[in-house]
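Engineer:
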Amino acid sequence: MSTFRIGRHLRSRIHLVWMFISLMIIILLPFILGIGLYIKSILLLEEKSLWDLLFSSDWRPLSGNFGFLSFAISSLWVTALSLLIAGPICLLTAIHLTQYAKKWVLKIMHPVIDILAGIPSVIFGVWGILVIVPFISRYVAPVFGIETSGYTILAGSIVLAVMIIPFILNILIEVFRMIPDELKEASLSLGASKWQTIKLVLIRKAFPGILSAFGLGISRAFGETIAVLMVVGNVAKIPTGVFQAGYPLPALIANNYGEMLSIPMYDSALMLAALILFCVVLIFNFLSRILIMRSEKITN
Amino acid sequence: MRKLKYIEEKFFRVLMFFSTTLIVMVLLLIIFSILYKGLPSLSWEMISQTPKGGFYFGKEGGILNAIIGSLYLSIGATLLAFVIGLPVALFMNVYLVKFKKTVNTIRFFLDLLWGIPSIVYGAFGFTIMIYLGLKTSLLAGIITVTLFIIPIMVRAMDEVLKTVPFGLLETSLSLGSTRSETAYKVFLRQASPGLVTAVLLSFGRAIGDAASVLFTTGYTDHIPTSLTQPTATLPLAIFFQLSSPIEEVQNRAFASAVILTVIILIISILARLYSRKYQKHKINF
């Protein structure tokens with residue numbers, strides 16, 4: 001009997017140890033990630049200051065010039081524009097689904113959002129090439145009197161917008177659900193119309209949540225690689241309009257992985273790009289999550 | 301003035317309706333356009349054969365190598381992530397349940413990790429690979445993808461385990477079972493439908509991601525027979541074939557996209573069905 005007991009407790013011990021090791025692996029992971037990328041990028045950082053690298057647009061890896069500016073600006077363009085497209089759509093849909101929509105609409109929308117979130121980025125890229133790129137080159141650009149192949153910042157942003165919609169929408173729905181009903185009832189009973197209540201009470205109350213949903217959307221958009229890479233054109237030059245080709249940071253890394261091995265400095269530059277991506281995404285994620293936690297605390 | 305406020309509401313209600321419909325339409329458009337373009341080029345040969353000579357010039361062959369490769373890769377990564385992820389999720393909800401602050405910190409941490417783009421994992425995986433002297437291989441890919449899906453899996457499992465009632469933990473412990481028995485026998489069973497959904501979700505992530513395997517698995521026309529061989533994957537097969545200037549190869553990319561889409565759709569339907577069907581094994585309070 002007693003050996004049986006020892007066996008049980010021993011087993012429990014072993015499980016505990018393994019759980020603890022697993023947890024440590026996960027907790028250490030981001031630090032190892034950051035340090036690993038940093039060690040790789042030291043080679044380049046010793047040669048040039050981060051400032052010079054970020055604010056130079058001279059990208060000639062073979063002669064040792066690594067200016068990230070055009071890539072960084074492309075990334076900013078694509079990210080900002082995609083949020084500009086996805087943001088209002090998500091906000092309107094989230095309000096519709098939480099305030100107005102009937103049950104059956106929700107029943108349809110839940111799987112729609114889930115499936116949209118689950119579609120691999122390559123598929124979004126293929127769709128972009130099939131639909132968005134020709135659409136821009138044939139219908140949108142001519143309206144502005146511009147001739148383009150369609151592989152543009154705009155195409156990248158639209159595809160990206162569709163990709164981040166389910167992500168932002170899920171958070172927004174959660175945010176609007178968290179708002180206590182009493183607030184709404186108080187406003188309605190004072191004679192405000194439903195829309196006035198939404199505009200003046202709900203949105204104001206949900207504002208931090210909305211901001212953080214957008215922040216998380218930004219961090220998602222900033223790091224998206226394959227889909228954007230497929231439709232954005234990939235020309236290393238500072239874009240000045242939405243109908244020009246861009247070359248965001250993730251695309252830069254993905255496109256040059258083959259060549260980078262031959263030149264250590266090139267390798268280092270791409271790892272630095274990955275590190276920059278890592279840091280920007282972490283910062284946006286961190287701020288947004290903090291904001292969400294704060295607003296949850298207030299509502300509770 | 302009074303009228304204006306109703307006109308405004310009407311206006312925004314129409315806008316809201318349109319944006320909701322737009323999202324549904326976009327999803328339908330994506331699926332439809334992929335099927336429309338890909339189905340005509342889809343054949344049994346595509347699914348059942350590996351690339352033959354001249355495949356990339358439009359000659360015979362299929363993408364069996366990529367399908368099998370993707371399955372190997374994502375099954376391997378999902379298993380590995382499960383072995384690390386499940387204990388962590390259980391640890392958080394059975395052992396640390398009294399330490400709210402610690403659990404919330406871990407959750408916060410996982411949420412941060414979830415946001416890291418897969419290309420960063422890819423670049424990191426590549427660095428580790430070089431450091432360890434590995435070549436592009438199935439193993440390197442599995443490790444990279446595992447790192448990428450662990451936060452997703454743990455967070456999804458945690459979301460499920462969170463809903464297990466506290467009374468169940470107390471009951472189990474008061475009957476004399478150890479914490480690990482409570483975790484693996486009681487919690488696991490109670491939460492199993494949700495856990496399966498979490499695993500399937502991670503599997504879907506693993507099979508669909510291209511950026512993390514771009515650096516690490518390489519690409520080959522053969523079906524890998526060991527962990528140290530390079531492997532083709534479906535997303536990369538689509539990506540590479542699409543960048544070909546030859547139309548037939550491009551059409552095959554669209555057909556490959558159909559295959560990947562169908563796999564993803566099957567996974568998401570399975571996840572839904574499973575979580576509904578096994579709901580009844582739950583103990584209700």
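Going down the list, the sequences are from chains Z and C.
Oh and the first sequence: position 66 is 66 in my numbering, straight run, nothing missing.
Each number in my numbering corresponds to the 1-based position in the second sequence with 300 added.
Heads up, the beta-carbon is just placed ideally off N, CA and C, and yes, glycines get one too.
Keep in mind that this is a model prediction, so the values were computed, not measured.
With DSSP collapsed to three states, give me the class of C:L573.
Structural biologist: Helix, per DSSP.
Engineer: Please name the residue, chosen from Z:G217, Z:I115 and Z:S193, that lies closest to Z:I164 on a Cα-to-Cα basis.
Structural biologist: For the residues Z:G217, Z:I115 and Z:S193, the minimum Cα distance to Z:I164 belongs to Z:G217.
Engineer: Would a check of beta-carbon distances place Z:L211 closer than 7 Å to chain C?
Structural biologist: Not closer than 7 Å to any Cβ of chain C, the Cβ of Z:L211 fails to qualify, so no.
Engineer: Once the 5 residues before and after C:K352 are set aside, which same chain residues still bring their CB inside 6 Å of it?
Structural biologist: For C:K352, where only same-chain residues beyond five positions count, the Cβ hits under 6 Å are E360 and G361.
Engineer: For the region 21-52 of chain Z, enumerate the residues whose C-beta is nearer than 7 Å to any C-beta of chain C, in chain order.
Structural biologist: Per Cβ criterion, the list reads S22, L23, I25, I26, I27, L29, P30, L33, G36, L37 and K40.
Engineer: Taking only beta-carbon atoms, is Z:A117 less than 7 Å away from chain C?
Structural biologist: Not closer than 7 Å to any Cβ of chain C, the Cβ of Z:A117 fails to qualify, so no.
Engineer: Which residues in the same chain as C:T516 place their Cβ atom closer than 7 Å to its Cβ, once the five residues preceding and following it in sequence are excluded?
Structural biologist: Answer for C:T516: G422, G425, F426, M429, T436, A440, G441 and T444, listed in chain order.
Engineer: When the cut-off is 7 Å and only beta carbons count, does C:E309 lie next to chain Z?
Structural biologist: Yes, C:E309 lies at the interface with chain Z (some Cβ there is under 7 Å from its Cβ).
Engineer: Rounded to whole angstroms, what's the CA-CA distance from C:I452 to C:S512? Just pull it up for me.
Structural biologist: Their backbone Cα atoms lie some 15 Å apart in a straight line.
Engineer: Which same chain residues, not among the five before or five after C:T520, have their C-beta less than 6 Å away from its C-beta?
Structural biologist: P530 and A532, listed in sequence order.
Engineer: If contact is defined by three or more beta carbon pairs under 8 Å, each pair taking one atom from either stretch, is the region 131-144 of chain Z in contact with the region 82-100 of chain Z?
Structural biologist: Cβ pair count under 8 Å is below three, so no.
Engineer: Measure the C-alpha to C-alpha separation of Z:I136 and Z:F144 and round it to an integer number of angstroms.
Structural biologist: Whole-angstrom Cα-Cα distance: 11 Å.
Engineer: Please say whether Z:S268 and Z:S41 have beta carbons closer to each other than 7 Å?
Structural biologist: Closer than 7 Å, so yes.
Engineer: Identify each residue in the region 545-571 of chain C for which the Cβ-Cβ distance to at least one residue of chain Z is less than 8 Å, and report them in chain order.
Structural biologist: Correct list: A553, F554, A557, L560, T561, I564, L565, I567 and S568.
Engineer: Counting only Cβ-Cβ distances shorter than 8 Å, please list the residues of the region 180-196 of chain Z near chain C, keeping chain order.
Structural biologist: If the cut-off is 8 Å between Cβ atoms, the region 180-196 of chain Z has S193, K194, W195 and Q196 near chain C.
Engineer: Have a look at C:T561 and Z:L45 and give me their C-alpha separation to the nearest angstrom.
Structural biologist: Spanning the two alpha carbons is a distance of roughly 42 Å.
Engineer: Could you name the residues of the region 228-240 of chain Z whose beta carbon sits closer than 8 Å to any beta carbon of chain C, in the order they occur along the chain?
Structural biologist: Cβ contacts with chain C: M230.
Engineer: Name the residues in the region 93-109 of chain Z whose C-beta lies less than 8 Å from a C-beta of chain C; which are they?
Structural biologist: Hits within the stretch, in order: T93, I95, H96, L97, Y100, A101, V105, I108 and M109.
Engineer: State the beta-bridge partners of Z:R370 as determined by DSSP.
Structural biologist: Residue 370 of chain Z lies beyond the stretch modelled for chain Z, which goes from 1 to 300, so this question has no answer here.
Engineer: For Z:S75 versus Z:P239, is the C-beta spacing smaller than 7 Å?
Structural biologist: Contact: no.
Engineer: Taking just the CA atoms, how far does C:A506 sit from C:S575?
Structural biologist: Cα to Cα, C:S575 sits roughly 20 Å from C:A506.
Engineer: Write down the C-beta distance between C:R479 and C:V394 rounded to the nearest angstrom, noting that I regard them as a contact closer than 8 Å.
Structural biologist: Correct: roughly 6 Å between the Cβ atoms.
Engineer: Among the candidates C:V499, C:R407, C:L565 and C:L536, whose CA atom is the shortest distance from the CA of C:R378?
Structural biologist: One detail in the question is off: residue 378 of chain C reads as Thr in this sequence, not Arg. If we check each option's Cα against that of C:T378, C:V499 comes out closest.
Engineer: So, is the C-beta of Z:A269 closer than 7 Å to a C-beta in chain C?
Structural biologist: It does not; no Cβ of chain C falls within 7 Å.
Engineer: Looking at the secondary structure, which residues open and close the alpha helix (DSSP H) in which Z:L154 lies?
Structural biologist: Z:L154 -> alpha helix (DSSP H) spans I153 to M178.
Engineer: Taking one C-beta from the region 223-241 of chain Z and one from the region 110-129 of chain Z each time, how about it: are there three or more such pairs within less than 8 Å?
Structural biologist: Judged by Cβ distances under 8 Å, the region 223-241 of chain Z makes contact with the region 110-129 of chain Z, as three or more pairs qualify.
Engineer: Please say whether Z:T225 and Z:P250 have beta carbons closer to each other than 7 Å?
Structural biologist: A contact, by the Cβ cut-off of 7 Å.
Engineer: By the three-class DSSP mapping on this structure, what secondary structure does Z:G209 have?
Structural biologist: The answer is helix: DSSP assigns Z:G209 an H, G or I state.
Engineer: Using a C-beta cutoff of 7 Å, does Z:R8 count as contacting chain C?
Structural biologist: For Z:R8, the answer is yes, since a Cβ of chain C falls inside 7 Å of its Cβ.
Engineer: Using a Cβ cut-off of 7 Å, pull out every chain Z residue sitting near C:P327, in sequence order please.
Structural biologist: According to the sequence provided, residue 327 of chain C is Leu. The question's Pro does not apply to it. Within chain Z, the residues near C:L327 are V112, I115 and L116.
Engineer: Candidates C:I567, C:V388, C:P535 and C:S568: which alpha carbon is nearest C:A553's?
Structural biologist: Answer by Cα proximity: C:P535.
Engineer: Considering Cα atoms alone, identify which of C:V324, C:I567 and C:S556 is closest to Z:H110.
Structural biologist: Among C:V324, C:I567 and C:S556, the Cα nearest to that of Z:H110 belongs to C:V324.
Engineer: Assign Z:L169 to buried or exposed, taking buried as 16 or more other Cβ atoms, counted over all protein chains shown, within 10 Å of its Cβ.
Structural biologist: Result: buried.
Engineer: For Z:I73, which residues from the same chain have a beta carbon less than 7 Å from its beta carbon, with the 5 sequence-adjacent residues on both sides left out?
Structural biologist: Here the set comprises I238 and P239.
Engineer: Does the CB of Z:N256 have a neighbour CB from chain C at under 7 Å?
Structural biologist: No, because no Cβ of chain C sits closer than 7 Å to the Cβ of Z:N256.
Engineer: Verify the CB distance criterion: does Z:A274 have a CB-CB separation below 7 Å to chain C?
Structural biologist: Answer yes: the Cβ-Cβ gap between Z:A274 and chain C drops below 7 Å somewhere.
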